[in-house]
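This report refers to the structure that appears directly beneath it.
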Amino acid sequence: MKKYVPILAAVLLTACTTQVRHAGGPVYLDRSYSVEERVADALPRLTTEEKVAMTHAQSKFSSPGVPRLGIPEVWCTDGPHGIRPEVLWDEWDQAGWTNDSCTAFPALSCLAATWDRDMSLLFGRSIGQEARYRKKDILLGPGINIARTPLNGRNFEYMGEDPFLAGQMVVPYVRGVQENGVAACVKHFAVNNQETRRTATNSVVDDRTLYEIYLPAFKAAVKDGGAWAVMGSYNLYNGQFNCHNKRLLLDILKGEWGFDGVVVSDWGGCRDTDEAIANGLDLEYGTWTNGLRGAASDSYRNYHLADPYLERLSDGRAGTKELDDKASRILRTIFRTSMSSEPHWGSFNSPEHYEAARKIAAAGTVLLKNGGALPLKVPDGGRLVVLGENAVKKMVVGGGSSNLKTKYEITPLEALQEAFPNASVEWERAYVGDTSTSYNKVDTGQDLSDPRSPEQLLSDALAKVRRADAVVFIGGLNKSANQDNESTDKLDIVLPYGQDEVIETLAEAVPSLIVVNISGSPVAMPWADKVDAIVQGWYGGSETGHALADVLTGAVNPSGRLPFTFPRSVADGPLKTERQYPGIQEEGKKWWQEYYDEGVFVGYRWYASKDIPVLFPFGHGLSYTSFSYADARLSKSSVTGAGNFDTESGSEIVLTVDVKVSNTGGYDGAEVVQVYIAPPAGGVERPAKELRGFEKVTIKAGETARVSVSLPRSAFSRFDAQAHRWVVDPGSWTVLIGSSSEDIRCSLPLEIR
Ligand code: BGC
Numbered sequence: 004m005k006k007y008v009p010i011l012a013a014v015l016l017t018a019c020t021t022q023v024r025h026a027g028g029p030v031y032l033d034r035s036y037s038v039e040e041r042v043a044d045a046l047p048r049l050t051t052e053e054k055v056a057m058t059h060a061q062s063k064f065s066s067p068g069v070p071r072l073g074i075p076e077v078w079c080t081d082g083p084h085g086i087r088p089e090v091l092w093d094e095w096d097q098a099g100w101t102n103d104s105c106t107a108f109p110a111l112s113c114l115a116a117t118w119d120r121d122m123s124l125l126f127g128r129s130i131g132q133e134a135r136y137r138k139k140d141i142l143l144g145p146g147i148n149i150a151r152t153p154l155n156g157r158n159f160e161y162m163g164e165d166p167f168l169a170g171q172m173v174v175p176y177v178r179g180v181q182e183n184g185v186a187a188c189v190k191h192f193a194v195n196n197q198e199t200r201r202t203a204t205n206s207v208v209d210d211r212t213l214y215e216i217y218l219p220a221f222k223a224a225v226k227d228g229g230a231w232a233v234m235g236s237y238n239l240y241n242g243q244f245n246c247h248n249k250r251l252l253l254d255i256l257k258g259e260w261g262f263d264g265v266v267v268s269d270w271g272g273c274r275d276t277d278e279a280i281a282n283g284l285d286l287e288y289g290t291w292t293n294g295l296r297g298a299a300s301d302s303y304r305n306y307h308l309a310d311p312y313l314e315r316l317s318d319g320r321a322g323t324k325e326l327d328d329k330a331s332r333i334l335r336t337i338f339r340t341s342m343s344s345e346p347h348w349g350s351f352n353s354p355e356h357y358e359a360a361r362k363i364a365a366a367g368t369v370l371l372k373n374g375g376a377l378p379l380k381v382p383d384g385g386r387l388v389v390l391g392e393n394a395v396k397k398m399v400v401g402g403g404s405s406n407l408k409t410k411y412e413i414t415p416l417e418a419l420q421e422a423f424p425n426a427s428v429e430w431e432r433a434y435v436g437d438t439s440t441s442y443n444k445v446d447t448g449q450d451l452s453d454p455r456s457p458e459q460l461l462s463d464a465l466a467k468v469r470r471a472d473a474v475v476f477i478g479g480l481n482k483s484a485n486q487d488n489e490s491t492d493k494l495d496i497v498l499p500y501g502q503d504e505v506i507e508t509l510a511e512a513v514p515s516l517i518v519v520n521i522s523g524s525p526v527a528m529p530w531a532d533k534v535d536a537i538v539q540g541w542y543g544g545s546e547t548g549h550a551l552a553d554v555l556t557g558a559v560n561p562s563g564r565l566p567f568t569f570p571r572s573v574a575d576g577p578l579k580t581e582r583q584y585p586g587i588q589e590e591g592k593k594w595w596q597e598y599y600d601e602g603v604f605v606g607y608r609w610y611a612s613k614d615i616p617v618l619f620p621f622g623h624g625l626s627y628t629s630f631s632y633a634d635a636r637l638s639k640s641s642v643t644g645a646g647n648f649d650t651e652s653g654s655e656i657v658l659t660v661d662v663k664v665s666n667t668g669g670y671d672g673a674e675v676v677q678v679y680i681a682p683p684a685g686g687v688e689r690p691a692k693e694l695r696g697f698e699k700v701t702i703k704a705g706e707t708a709r710v711s712v713s714l715p716r717s718a719f720s721r722f723d724a725q726a727h728r729w730v731v732d733p734g735s736w737t738v739l740i741g742s743s744s745e746d747i748r749c750s751l752p753l754e755i756r
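So for the sequence shown, the working numbering puts the first residue at 4; every next one is plus one.
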């Protein structure tokens, strides 16, 4: 009997606890139960109609809950870098709220340029708090599509050209958002790398390229970040639209990766009812006010997963298995967010959020070149001349769905005036670009009209720079059509509005011209050799001006690194044919076909492998101090580990790379130690180098730090498409340690057997 006592006690205790927990009402409402227990309890209580109602939108950004059971609606919001202003229930027009001006954080290309996981966590936490305060359950971001071409209009919303960098940066963002009981919705899944004909193009990509380049960041977000939501993209893959793509959603996302969250369609991305039912779409959102198939008294009932779904359920064409799976996933999302066991209140427009925005924007700013003009020196009583439209143009507005309304936006000119209170800081426009000041009826209130001719603008600028103590030109792109903007791609990477000529002319007149390029994607700089200093700024959000001034003045020592290559021209890149970009029409095929013929040779993988000189390489970024590398070591110079392995076992660490980094200059600063691997000669063709580790480390002037980077076995793997598994090739490898993909400071041999 004695041995049964503890068991009896445990049973009684469980029974008692269950009873106590039950006392408050049904299990699904009791936050002390696990999410899975609550889902299991709630699901059978729902009628078929209630389940179907949950699977599609009821307004532009919400879908119904189950009012009868006290289960709330699901509310979504854009986007990757701030909480979108409220729109009307069934229109894209502004709702006209006066309390929805958010903190605008930097665009994700800037976050990626920090190469700093802590910044990503800070970003995720802060934006998650803003989303929660605004009662949003799903944040439609981050975007992590790979920058396959510098022309993609949405590169500014994404995290660069390298899957490892994007994968490392997305994880803390997702965790930070979700700490607030807000689901991060990673987008746009997958192989969605251009805006041109984005809803009519089939991406034809081989499996090796898919697994090595286009999936890893999504996999990291799901498996390491634990993302609760994923958004399907507009394009097709394998001839099937991605919002109901069997291979991507069922086989890979929910199958191989075990994703238990909710798949959301991109807005209007669902195109077929039967596929949507069968292939893993859980929640359908839309764009057209009149529903997807034309006007009806209640348009949302026209959605693929609305009445057409109910019809199929009632006549037996659809079964309840898929519906229960969709409803469970939506319930899980609700129990993880608005009905989460932990209360989250969030916060909005807090001083901490603006501080975070400034810190991240400064940390992502990249010093591309410096002949000594930076940090800026302007004597008291001296003259700083600031030129260029982007010194004053507010760019938090615009760009498509990531358009924001912010409480304030500090322009670079305002910040520089603030930074040099005892100098005269004067501005001249030098060129006129885009004079629009509003987007989707969010207006900056600026008047950017200017009647002057280009010649007049330039001669006024030249007159202004005479006898200046320092001259900074701030130009680049903006968020207009065919620039950094959703739904159109760029036509070239040449700077628009004749800026190249303006900069060339100024460079002749000004001995040490400083150029700041603001953009979310690479631009060509034919004048790079003629100017003293070049800074890459980004769309920095509310605090963009302060962040830029922090770096220009030296208040912050620049430590950003490029998340994508700046090529000399588009023609130098890997996309050579129309079939690669922007796609071609083929006989008998309904959709445009786009062939990823370049395979894994994307970004620096292409330039480095083909020895093509670039303007600024991936990973490049300078500092006001200098760093030297010494005493690089590998924990082992020879390891066993060649052969096949499944992806899961690749996380065991086999190697550590160690290097001594010394700050040899006069400023405290941060260095990004980058570790690339170079494959053995022969065998399957692989890129000349691939990023497999990095660490950002702050070192005081004159001090030395030892930096360690772990290399798991998977770092050496490539995807064997035929066998559908990862494989490590034996042979003589090289581990490269550097300050950019081209500035390699140490090479260590490694034998893999
Ligand atoms: C974009 C998404 C966005 C959605 C909702 C779509 O057009 O592609 O990124 O989240 O609209 O605004």
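Even for Gly, the Cβ is constructed at its ideal location relative to N, Cα and C.
Report yes or no: do the segment 582–596 and the segment 183–200 share at least 3 C-beta pairs separated by less than 8 angstroms? yes
Please tell me whether, using a cut-off of 6 angstroms, the distance from the CB of SER803 to the nearest non-hydrogen atom of the ligand BGC is below it. Summary: the structure shown does not reach residue 803, with the chain confined to residues 4 through 756, and so no result is reported for it.
Do GLN61 and PRO67 have their CB atoms nearer than 7 angstroms? yes
Sort VAL400, LEU252 and ALA552 by Cα distance to VAL381 and report the nearest one. ALA552
My parser needs the alpha helix (DSSP H) runs of 4 or more residues fully inside the segment 459–520; what are they? 502–512
Measure the C-alpha to C-alpha separation of GLY403 and GLY646 and round it to an integer number of angstroms. 46 angstroms
Using the Cα positions of PHE621 and VAL526, report the straight-line distance between them to the nearest angstrom. 13 angstroms
Looking at the ligand BGC, does it come within less than 6 angstroms of TRP270, judged from the CB to the closest heavy atom? yes
Can you check whether the CB of GLY557 is closer than 7 angstroms to the CB of PRO378? yes
Just to confirm, are ALA230 and ALA224 a CB contact at a threshold of 7 angstroms? yes
What did DSSP end up calling GLU345 once you bin it into helix, strand or coil? coil
Flag SER66 as yes when its Cβ comes closer than 6 angstroms to any non-hydrogen atom of the ligand BGC, and as no otherwise. no
Since GLU674 and VAL700 are thought to touch, with beta carbons under 8 angstroms apart, how far apart are those beta carbons, to the nearest angstrom? 6 angstroms
Hey, could you find the ends of the alpha helix (DSSP H) GLN181 is sitting in? 166–181
Using only CA atoms, which one of TYR214, SER405, GLU53 and THR368 lies nearest to THR80? SER405
Segments of 3+ residues assigned as beta strand (DSSP E) that fall wholly inside the segment 210–237: 232–235
When the Cα atoms are used, what is the spatial distance from LEU3 to LYS482? Residue 3 is absent from the structure shown; the chain starts at 4 and stops at 756.
Less than 6 angstroms between the CB of LEU407 and some heavy atom of the ligand BGC, yes or no? no
Within 7 angstroms of any Cβ in chain D, is that where the Cβ of TYR598 sits? Here chain D cannot be found, since the structure has a single protein chain.
Which partner residues of ARG721 appear in the DSSP bridge assignment? VAL730
Measuring from the CB of SER206, is there a heavy atom of the ligand BGC at a distance below 6 angstroms? no
Thinking C-beta only, is LEU480 closer than 7 angstroms to SER452? no
Please classify HIS727 as buried or exposed, where buried requires at least 16 neighbouring CB atoms within 10 angstroms. exposed
Of all the options ASP275, ILE147, VAL474 and ARG178, which has the alpha carbon lying nearest to the alpha carbon of ASP535? VAL474
Using CA atoms only, rank isn't needed, just tell me which of TYR411, GLY374, GLU355 and GLU429 is closest to ALA390. In the sequence as presented, Ala is not what sits at residue 390; that position holds Leu. Checking every option, the nearest Cα to that of LEU390 belongs to GLU429.
Measuring only the C-alpha atoms, how far is GLY374 from PRO570? 21 angstroms
Just how far apart, CA to CA, sit TYR176 and THR276? 33 angstroms
How long is the line joining the alpha carbons of ARG250 and PHE192, rounded to whole angstroms? 12 angstroms
Do three or more CB pairs link the segment 348–355 to the segment 128–135 at distances below 8 angstroms? yes
Just to check my reading of the structure: TYR599 and VAL207 have Cβ atoms closer than 8 angstroms, yes? What is that Cβ distance to the nearest angstrom? 6 angstroms
Report buried or exposed for GLN181, applying the criterion of at least 16 other Cβ atoms within 10 angstroms of its Cβ. buried
If you count every other CB in all the chains shown that lies within 10 Å of the CB of PRO566, and 16 or more means buried, which is it? buried
So for PRO752, helix, strand or coil by DSSP? strand
Where THR643 falls, given that 16 or more other Cβ within 10 Å makes a residue buried: exposed
Would you mind reading off the limits of the beta strand (DSSP E) that contains GLU76? No beta strand (DSSP E) contains GLU76, which DSSP labels as neither H nor E.
Cutting at 7 angstroms between CB atoms, please list the residues of its own chain near MET122, excluding the five before and the five after it. LEU114, ILE363 and ALA366
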